[in-house]
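> Heads up, the sequence shown is in the working numbering, so the first residue is 272 and it goes up one at a time.
Built from N, CA and C at the ideal position, the CB exists for glycine as well.
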Amino acid sequence: MHKFLSLVAGLVFSHAAQADLVFEQASVRLMPAMQKNTAAFMKITNTGSEPVSLIEANSNISEKTEFHTHIVQNDMMMMKKMDQLIIPANQSIILESGAKHIMLLDLKRNWADQGEVEFIFRDKHQKSYSVIAPIQAMHHAQKPEKMEHKHHNH
Ligand SMILES: [Cu+2]
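1. What whole-angstrom Cβ distance do ALA360 and PRO322 have, given they're in contact under 8 Å?
2. Give me the Cα-Cα distance between PHE294 and LEU375, rounded to the nearest whole angstrom.
3. Measure the alpha-carbon distance for PHE312 versus GLN355 and round it to whole angstroms.
4. Does GLN362 come out as helix, strand or coil in the three-state DSSP assignment?
5. I need the boundaries of the beta strand (DSSP E) containing GLN407, first residue and last residue.
6. Would you tell me roughly how many angstroms separate the C-alpha atoms of ILE315 and HIS372, rounded to the nearest one?
7. Consider the C-beta atom of MET374 and the heavy atoms of ligand 1; say whether any pair is separated by less than 6 Å.
8. Quick check on DSSP: helix, strand or coil for GLN385?
9. Looking only at its chain, what residues have a beta carbon closer than 6 Å to the beta carbon of GLU389, apart from the 5 residues adjacent to it on each side?
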């Protein structure tokens, strides 16, 4: 009994000492069935004292999953693939429409019927993170969600 308790305590301690990520408000944008791509949004908080670099993403509904950002090129807003997504120590980043996001490419047939998506992210130390995100219709796709959030602070 005592042996078991100390083993559990040891596991909890070593886990807490590592960098860790908390995923919140995750969602995948519902798209018409003929669309080949969609995007996912979420808030990621790094509760550790070291930055975390995610270098790989996979999902169960797409052949490819990438980290994207938006850049302006020739006066046009374009999406650009990022080799890594860095979450600074003790900080949160928000992936949202019109900013950094997760791109799901080459969607599988009837992908939206699943209702939710499972992501597996991997950081540069080969630690993996599993996240479940519901598939949701987003009505104000063009409007940056940032503006809606600001409203609550007044
Ligand atoms: Cu994209």
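Result, derived from the coordinates:
1. Within the sequence shown, residue 360 is the residue found at index 89, counting from 1. Within the sequence shown, residue 322 is the residue found at index 51, counting from 1. Correct: roughly 5 Å between the Cβ atoms.
2. The residue you call residue 294 lines up with position 23 of the sequence shown. The residue you call residue 375 lines up with position 104 of the sequence shown. If you take the alpha carbons of PHE294 and LEU375, they lie about 18 Å apart.
3. As a position in the sequence shown, residue 312 is number 41, starting the count at 1. As a position in the sequence shown, residue 355 is number 84, starting the count at 1. For PHE312 and GLN355, the distance between alpha carbons rounds to 16 Å.
4. The residue given as residue 362 occupies position 91 in the sequence shown. Look at GLN362 here: in three-state DSSP terms it is coil, with no helix or strand label.
5. Against the sequence shown, residue 407 aligns to sequence position 136. Under the DSSP assignment, GLN407 falls in the beta strand (DSSP E) whose first and last residues are 399 to 407.
6. Indexing the sequence shown from 1 puts residue 315 at position 44. Indexing the sequence shown from 1 puts residue 372 at position 101. Their Cα atoms are separated by approximately 11 Å.
7. To locate residue 374, count along the sequence shown from 1; it is residue 103. Ligand 1 approaches MET374 closely enough that one of its heavy atoms is under 6 Å from the residue's Cβ.
8. For the purposes of this step, residue 385 is taken as the residue at position 114 of the sequence shown. Of the three classes helix, strand and coil, the one that applies to GLN385 here is helix, per DSSP.
9. Position 118 of the sequence shown, counted from the start, is the residue given in the question as residue 389. Excluding sequence positions up to five before and after GLU389, its CB lies within less than 6 Å of the CB of ASN331, ILE403, all in the same chain and listed in chain order.
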